[in-house]
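What follows is a single structure, written as structure tokens, with notes after it.
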Amino acid sequence: MELDEFRSSLDDWLDQNEHLLKGEHEAAETLDDQMAQLARVKRLTYDAGYMRWGWPERVGGLGGSSLLRAYLGEALTFRGLVEPGIYSMTEVLAPTMIDYATPELAATMVPRLLRGDETWCQGFSEPGTGSNLAALSCRATRTDGGWSVTGQKVWTSLAQYAQRCVLLTRTGASDSAHRGITALFVDMDSAGIEVRPIETMHGFPEFSEVFFDGVLVPLDRTLGQEGQGWSVAMDLLPYERSTALWHRAAYLQQRLAGLLRAAPAGALDPADVGEVAQLLFALRARSRSTQRRLASGERLGPETSIDKVLVATAEQAVFDLVADGLSVSVGTGDDPASGRWRREFLYSRAATIYGGTAEIQRNIIARRLLDLGADR
Amino acid sequence: MEHAERDVFERGLRHAVEAHTGAGLDAALAELGWPDALVEDTQEAVSVFFGLQGSALASSSALDRVLACSIGLDVPPPAGFVLPPLGRWTPPAALDGARLVVRGLGTQSLLGGGDAVVVAQAVNTELAFCVPTAELTLRPVHGMDPGLGLVEVHGTVPKDALAPEVVAPSWSSAVTLAQLAVGYELVGAARAMLELARQHALARVQFGQPIARFQAVRHRLAETLVGIEAAEGVLDAAWEDGSPVTAAVAKALAGRGARTASRHCQQVLAGIGFTTEHEFHRYAKRVLVLDELFGASRSLTRELGQDLVSGRRMPAFAPL
């Protein structure tokens, strides 16, 4: 399947099935609504085949270039059918399973994620481990036939909805840093797991604290080899900064278009609008070339930190413009549309924090792209 | 262009911009076959050469060639092409009754005698004229950056003293190509500034360590690279869609990126960057003038914003 053929076939299908895909909720007003909508759209697009293109056949896919996935997410986002943040977990976690799980496990599990039958989460950050991921301390010790996990994770997106978790654990000595980390694929209904959603400033409890107390994980749920967890994490990050980022760029473009339609006359400063639009041009041009490199089999690396800086900058710039252009709506509006603008503005404040802070990205650029040497 | 062919092409151009500037560079370009390459593979000829010209702080009449190429004119040297005045991207002349009123800039080629191509705004159309440079007042510009070799042009010429207009050109496509060319030149200059600052940060020791260790320094340089990559990404994308909007965005991003580079790199270079003992100051001056050529980042940005606000829509851009 070529991209052009996929594009026109998908666009037609989306046009014809819009009512089915949209369901009852025109605009989701809770995270539960958004999750239900995501599951609906994934199931419909999987059953129609579109969600399967761009994934290998051995995990239930139909093969083809990763550009097909990039376009699918873009089209769904642009039509407002899915929220790109929660959709992105698929793009980030499915490749990890394909690369590191046993073939049987990947073949069983990945279709469930793609079809929206399951939600997965990513257990990386810990209370003492924010930017310094290699210092994580959630401990996994070998027991008969598997691992016993004890520790705590935080900022775990969608943990309260998740059936599975890609979990980074400490299996080496406590000072083994990135060498002593092992990745596990954990069933979230295992005994000993407690999930506590965190209330956030934007009103959706998107992430949770997760507590592990002697949780047993079978040995065949190890992703990669013991001690290979750092590679699992590092290989996952470029996916966060490629396809998922392309979808986010489509979302920002759609929201800026929405702002241009909704803003009262005279409320927007043309110079500000021009600058934000230029940022989106830059983001899309950059992200498109990253998409093409990914599709041609190139290994993505630290240069994707530029993409990440651009998307975080663009997201905050778009919603700063929203706060200016729709100030009444954002400040005092209590209708659903105002609520959404306000929520999105507030969420955009996190764009320079999650997935590697703006400072971490600039450190990577300085060290790896500018060759400025170690900073300490 | 094939990969190996491109390497040879780039090596030749790199040598030319490092060894020559001004009329010498024009001669070297002719010898390297760059004017032919411009017609055969415009993207390659423009992106490679102007990037190199920017990084070497060289000047030439290559922009005249680009403009002539974009409107389908094959003007033999030494004829020049009149550019808009600084900050503008409208045609540099207007037809006022029976007179052609010219106000613009040119490259050094205008000083060589012969004819200059002048595009004039007429009612609902643009017309190109060949005007003898003897009919125009020319002032070699010293200004901010004498090395750029610009010439200020003005004059009022009776229309009947001129040959009939040569073609009905597309000024918009000329501006599009010129904005990309100047955009690449800005990016080349910005990359050169970044490299100067990078080397200084690694060599300069304070408090017992290279200042490259300090996060405040690292982040300025990282931010500079982001601005450069943002601009170059849109410059490269502009060839794919050929849209004047994309080219203007690319030019604006290149201008802003280069000015950001100038600010951050000067701060990292600190005292030495303020002196003429270090070559940084030449780049700082160059990008300030280039930003204004064919539209400054500030005015291009405002114009884009006005179009978006009044049209109430975002243009589709960079499809997969």
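These protein sequences, in sequence, are chains E and V. First residue of the first sequence: 1, per the working numbering; consecutive thereafter. First residue of the second sequence: 1001, per the working numbering; consecutive thereafter. In this text, a Cβ means the ideal position worked out from N, Cα and C, and glycines have one as well.
Here's the rule I'm using: 16 or more other beta-carbon atoms within 10 Å means buried, otherwise exposed. How should E:Asn-132 be labelled? Taking the first sequence and counting its residues from 1, the one referred to as residue 132 of chain E is at position 132. It is exposed - the Cβ of E:Asn-132 has fewer than 16 other Cβ atoms within 10 Å.
Output needed for E:Gly-266: all residues of its chain with C-beta closer than 8 Å, excluding positions within five of it in sequence on either side, in chain order. Taking the first sequence and counting its residues from 1, the one referred to as residue 266 of chain E is at position 266. Cβ within range, chain order: n/a, list empty.
How is the beta strand (DSSP E) around E:Gln-16 delimited, first residue to last? Here residue 16 of chain E corresponds to residue number 16 of the first sequence, with the count starting at 1. If you look at E:Gln-16, you'll find it isn't in any beta strand (DSSP E); it sits in the alpha helix (DSSP H) that goes 3 to 16.
Buried/exposed call for V:Phe-1207, threshold 16 Cβ in 10 Å: Sequence index remark: in the second sequence, residue 1207 of chain V carries index 207 (1-based). By the 10 Å Cβ count, V:Phe-1207 comes out exposed.
Sequence-distant residues of the same chain with beta carbon closer than 6 Å to V:Phe-1280, five excluded per side: Indexing the second sequence from 1 puts residue 1280 of chain V at position 280. Taken in chain order, the residues that qualify are Leu-1196, Leu-1269 and Gly-1273.
Inter-residue CB distance, E:Thr-243 and E:Gly-60 (contact presumed, cutoff 8 Å): As a working note, residue 243 of chain E is residue 243 in the first sequence. As a working note, residue 60 of chain E is residue 60 in the first sequence. About 18 Å; that fails the 8 Å criterion.
Nearest chain V C-beta to E:Leu-81 closer than 8 Å, yes or no? What you label residue 81 of chain E is simply residue 81 of the first sequence in a count that begins at 1. Taking Cβ atoms only, chain V never reaches closer than 8 Å to E:Leu-81, which makes this a no.
Within chain E, the residues that V:Gly-1233 reaches when beta carbons sit closer than 8 Å: Taking the first residue of the second sequence as position 1, residue 1233 of chain V is located at position 233. The CB of V:Gly-1233 comes closer than 8 Å to the CB of Ala-282, Ala-285, Arg-286 and Ser-289 in chain E, given here in chain order.
Between the segment 1120 to 1144 of chain V and chain E, which residues of the former have CB atoms less than 7 Å from a CB of the latter, in chain order? Within the segment 1120 to 1144 of chain V, no residue has a Cβ that lies closer than 7 Å to any Cβ of chain E.
Return the Cβ separation of V:Ala-1201 and V:Ala-1212 in integer angstroms, given the expectation that the two are a contact with Cβ distance under 8 Å. Working through the second sequence from its first residue, we reach residue 1201 of chain V at position 201. Working through the second sequence from its first residue, we reach residue 1212 of chain V at position 212. Confirmed, about 4 Å.
Going by DSSP in three states, E:Pro-84 sits in which element: helix, strand or coil? Your numbering for residue 84 of chain E matches position 84 in the first sequence. Here E:Pro-84 sits in helix by DSSP.
In chain E, which residues lie with their C-beta within 8 Å of the C-beta of V:Thr-1301? Working through the second sequence from its first residue, we reach residue 1301 of chain V at position 301. The answer, in chain order, is Ala-271, Gly-274, Glu-275 and Gln-278.
Is any beta-carbon of chain E found at less than 8 Å from that of V:His-1219? For the purposes of this step, residue 1219 of chain V is taken as the residue at position 219 of the second sequence. So yes, V:His-1219 belongs to the interface.
Counting along the chain, where does the beta strand (DSSP E) carrying E:Lys-153 start and finish? Locating residue 153 of chain E in the first sequence gives position 153, where the first residue counts as 1. First-last of the beta strand (DSSP E) with E:Lys-153: 146 to 157.
How big is the Cα-Cα spacing for E:Pro-336 and E:Glu-29? For this step, residue 336 of chain E is matched to residue 336 along the first sequence. For this step, residue 29 of chain E is matched to residue 29 along the first sequence. Distance between the alpha carbons of E:Pro-336 and E:Glu-29: 7 Å.
Mind listing the chain E neighbours of V:Arg-1198? Cutoff is C-beta to C-beta under 9 Å, in chain order. On the second sequence, position 198 is the one that residue 1198 of chain V refers to. Simply Leu-370, Asp-371 and Leu-372.
Range of the contiguous alpha helix (DSSP H) that encloses V:Asp-1291: Taking the second sequence and counting its residues from 1, one reaches residue 1291 of chain V at position 291. For V:Asp-1291, the enclosing alpha helix (DSSP H) begins and ends at 1280 to 1292.
Bridge partners for E:Trp-53 per DSSP, in chain order? Within the first sequence, residue 53 of chain E is the residue found at index 53, counting from 1. For E:Trp-53, the beta-bridge partners assigned by DSSP are E:Gly-63.
Would you kindly work out how many angstroms separate the C-alpha atoms of E:Gly-172 and E:Phe-185, rounded to a whole number? What you label residue 172 of chain E is simply residue 172 of the first sequence in a count that begins at 1. What you label residue 185 of chain E is simply residue 185 of the first sequence in a count that begins at 1. The straight-line gap from Cα to Cα measures roughly 18 Å.
Please tell me whether E:Leu-259 and E:Gly-325 are closer than 8 Å, where the distance is taken between their beta carbons. Working through the first sequence from its first residue, we reach residue 259 of chain E at position 259. Working through the first sequence from its first residue, we reach residue 325 of chain E at position 325. It is a contact, given that the beta carbons lie within the stated cut-off.
Under 7 Å (Cβ pairs) to chain V, residues found in the segment 328 to 362 of chain E: Legend: CB atoms of the segment 328 to 362 of chain E lying less than 7 Å from CB atoms of chain V belong to residues Arg-362.
Decide yes or no for the touch test of the segment 301 to 319 of chain E against the segment 1253 to 1260 of chain V: beta carbon pairs closer than 8 Å, at least 3 of them. No: fewer than three Cβ pairs fall under 8 Å.
Could you spell out the range, first to last residue, of the alpha helix (DSSP H) harbouring E:Phe-281? Translated into positions along the first sequence, residue 281 of chain E becomes position 281. That run of the alpha helix (DSSP H) goes 270 to 295.
Count the other C-beta atoms from every protein chain shown that fall within 10 angstroms of the C-beta of V:Ala-1134, then say buried if there are 16 or more, exposed otherwise. Locating residue 1134 of chain V in the second sequence gives position 134, counting from the first residue. Exposed is the call here.
Out of V:Thr-1156, V:Ser-1061 and V:Leu-1221, point me to the one whose CA is closest to V:Leu-1025's CA. Here residue 1025 of chain V refers to the residue found at position 25 when the second sequence is read from its first residue. Minimum Cα-Cα distance from V:Leu-1025 among the listed residues V:Thr-1156, V:Ser-1061 and V:Leu-1221 corresponds to V:Ser-1061.
Rounded C-beta distance between V:Arg-1065 and V:Pro-1035? I'm assuming under 8 Å. Working through the second sequence from its first residue, we reach residue 1065 of chain V at position 65. Working through the second sequence from its first residue, we reach residue 1035 of chain V at position 35. Separation of the CB atoms of V:Arg-1065 and V:Pro-1035 is rounded to 6 Å, and the pair is thereby assigned contact status at 8 Å.
Which of helix, strand or coil DSSP assigns to E:Ile-353: In the first sequence, counting from the first residue as 1, residue 353 of chain E sits at position 353. Residue state for E:Ile-353 is assigned as coil, using DSSP reduced to three classes.
Taking CB distances under 8 Å as the criterion, tell me whether V:Arg-1312 reaches chain E. Start at 1 with the first residue of the second sequence, and residue 1312 of chain V comes out as number 312. Interface flag for V:Arg-1312 against chain E is set, since a Cβ pair is found closer than 8 Å.
Bounding residues of the beta strand (DSSP E) (the contiguous stretch that carries E:Pro-218): As a first step, residue 218 of chain E is located in the first sequence; it is residue number 218 there, counting from the start. Unbroken beta strand (DSSP E) run through E:Pro-218: 207 to 218.
Any Cβ of chain E within less than 8 Å of the Cβ of V:Gln-1306? Within the second sequence, the letter at position 306 stands for residue 1306 of chain V. Chain E places a beta carbon closer than 8 Å to that of V:Gln-1306, counting this residue as a contact.
Less than 8 Å between CB atoms is the rule here; does V:Leu-1180 satisfy it with respect to chain E? For the purposes of this step, residue 1180 of chain V is taken as residue 180 along the second sequence, with counting starting at 1. Closer than 8 Å: no.
So for V:Gly-1255, helix, strand or coil by DSSP? The residue labelled residue 1255 of chain V in the question sits at position 255 within the second sequence. Correct three-state label for V:Gly-1255: helix.
Between the beta-carbon of V:Leu-1221 and the beta-carbon of E:Ala-358, is there less than 8 Å? Position 221 of the second sequence holds residue 1221 of chain V. Position 358 of the first sequence holds residue 358 of chain E. Between V:Leu-1221 and E:Ala-358, the CB-CB gap reaches or exceeds 8 Å.
What are the boundary residues of the alpha helix (DSSP H) that includes V:Arg-1298? Working through the second sequence from its first residue, we reach residue 1298 of chain V at position 298. Element bounds for V:Arg-1298: 1297 to 1311.
Based on DSSP bridge pairs, tell me the residues matched to V:Phe-1009. Looking up residue 1009 of chain V in the second sequence gives position 9. None, per the DSSP bridge assignment.
Positions along the segment 241 to 258 of chain E whose CB lies within less than 7 Å of some CB in chain V: The segment 241 to 258 of chain E vs chain V, Cβ under 7 Å: Gln-253, Leu-256 and Ala-257.
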